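Worksheet for the structure shown next.
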Amino acid sequence: MPLLASAVLLCLFWLLLSGHYTGLLLSLGVLSVLLVLWTARRMNRVDGASVKAKVSLSFFGYIFWLLWAVVKANVDVVRRIWDPEMPIDPRWRRLDIKVTSNLDKTLYANSITLTPGTLTTEVCEDHFLVHALSEEGIRDLEEGEMERRIQRLGL
Numbered sequence: 001m002p003l004l005a006s007a008v009l010l011c012l013f014w015l016l017l018s019g020h021y022t023g024l025l026l027s028l029g030v031l032s033v034l035l036v037l038w039t040a041r042r043m044n045r046v047d048g049a050s051v052k053a054k055v056s057l058s059f060f061g062y063i064f065w066l067l068w069a070v071v072k073a074n075v076d077v078v079r080r081i082w083d084p085e086m087p088i089d090p091r092w093r094r095l096d097i098k099v100t101s102n103l104d105k106t107l108y109a110n111s112i113t114l115t116p117g118t119l120t121t122e123v124c125e126d127h128f129l130v131h132a133l134s135e136e137g138i139r140d141l142e143e144g145e146m147e148r149r150i151q152r153l154g155l
């Protein structure tokens with residue numbers, strides 16, 4: 001993607017996320033976009049990036065599924081904090097994975113970490129090291145629904 005197109009897209013994305021339109025904040029937004037583009041250019045990831053993600057309707061479906069998983073996990077964490085009957089029983093577990101591409105591994109590890117109550121601490125070729133607040137959190141990951149959804153994306 002040409003540099004100018006990247007700058008325009010990043011500025012629009014920044015405007016969408018920030019919601020602030022004062023002179024100072026707009027200038028800081030432009031400055032942050034320029035800093036990102038300069039950094040990406042130095043990393044040789046602009047104009048000929050080696051990773052091209054395919055964004056399809058199934059990807060947006062995954063995002064909505066992940067958002068729902070985050071909401072459910074938030075409720076679970078809050079209940080565990082407020083309800084003394086619900087145990088907080090932290091666990092570490094090696095989670096064997098089937099995804100093979102670096103992009104799939106990155107998406108999977110970040111999806112685990114974005115979900116409250118779980119954290120990916122190590123990414124290896126064939127497994128992740130995951131921390132969870134409860135055995136149920138580990139069990140949900142071991143059932144593999146998140147991984148299957150990522151595999152179906154075909155990135």
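Everything in the sequence shown is counted per our numbering, starting at 1 for the first residue and increasing by one.
No residue lacks a Cβ here, since even glycine has one placed at the ideal position from N, Cα and C.
Here the structure is a predicted model, which is why all the values come from computation and not from measurement.
- So who's on the other strand from T118, going by DSSP bridges? Taking the first residue of the sequence shown as position 1, residue 118 is located at position 118. The partner list for T118 (beta bridge, DSSP) reads A132.
- Message: Using the three-state DSSP reduction, which class does V77 fall into: helix, strand or coil?
- Response: Counting from one through the sequence shown, the residue named residue 77 turns up at place 77. V77: helix per DSSP, three-state reduction.
- Query: Closer than 9 Å, CB to CB, is E142 near chain B or not?
  - Reply: Structure shown: chain B not included; a single protein chain is present.
- Task: Assess, as a yes-or-no matter, whether the segment 124–139 is touched by the segment 24–43 under the definition of 3 or more beta carbon pairs within less than 8 Å.
- Result: no
- Give the straight-line distance between the Cα atoms of S32 and S6, rounded to the nearest whole angstrom. On the sequence shown, residue 32 is found 32 positions in, with the first residue counted as 1. On the sequence shown, residue 6 is found 6 positions in, with the first residue counted as 1. When rounded, the distance between both Cα atoms is 13 Å.
- Under a three-way DSSP split, which group does L95 fall into? Mapped onto the sequence shown, residue 95 falls at position 95. Here L95 sits in strand by DSSP.
- From which residue to which residue does the alpha helix (DSSP H) around M86 run? Position 86 of the sequence shown, counted from the first residue, corresponds to residue 86. Segment: none, M86 is in no alpha helix (DSSP H) and carries neither H nor E.
- Residue of S27, V78, V99, F13 minimising C-alpha distance to S134: For the purposes of this step, residue 134 is taken as residue 134 along the sequence shown, with counting starting at 1. Among S27, V78, V99, F13, the Cα nearest to that of S134 is on V78.
- Message: Along the chain, where does the alpha helix (DSSP H) containing C11 start, and where does it finish?
- Response: Taking the sequence shown and counting its residues from 1, one reaches residue 11 at position 11. Looking at the DSSP string, the run of the alpha helix (DSSP H) that includes C11 is 3–18.
- Starting from E145, follow the alpha helix (DSSP H) in both directions and report where the run begins and ends. For the purposes of this step, residue 145 is taken as the residue at position 145 of the sequence shown. Element bounds for E145: 145–153.
- Determine the direct distance from the alpha carbon of F59 to that of A49, and round the result to whole angstroms. Translated into the one-based positions of the sequence shown, residue 49 becomes position 49. Translated into the one-based positions of the sequence shown, residue 59 becomes position 59. In this prediction, A49 scores a pLDDT of 46, lower than 50, which makes its location untrustworthy; no coordinate-derived value is stated.
- Message: Going by the DSSP bridge assignment, what does L36 pair with across the sheet?
- Response: Taking the first residue of the sequence shown as position 1, residue 36 is located at position 36. As written in the sequence, residue 36 is Val, which differs from the Leu given in the question. BP columns for V36 are empty, so no partner.
- Message: Taking a contact to mean a Cβ-Cβ separation below 9 Å, would you say T113 touches A132 in this structure?
- Response: By 1-based counting over the sequence shown, the position of residue 113 is 113. By 1-based counting over the sequence shown, the position of residue 132 is 132. No, Cβ-Cβ distance for T113 and A132 is not below 9 Å.
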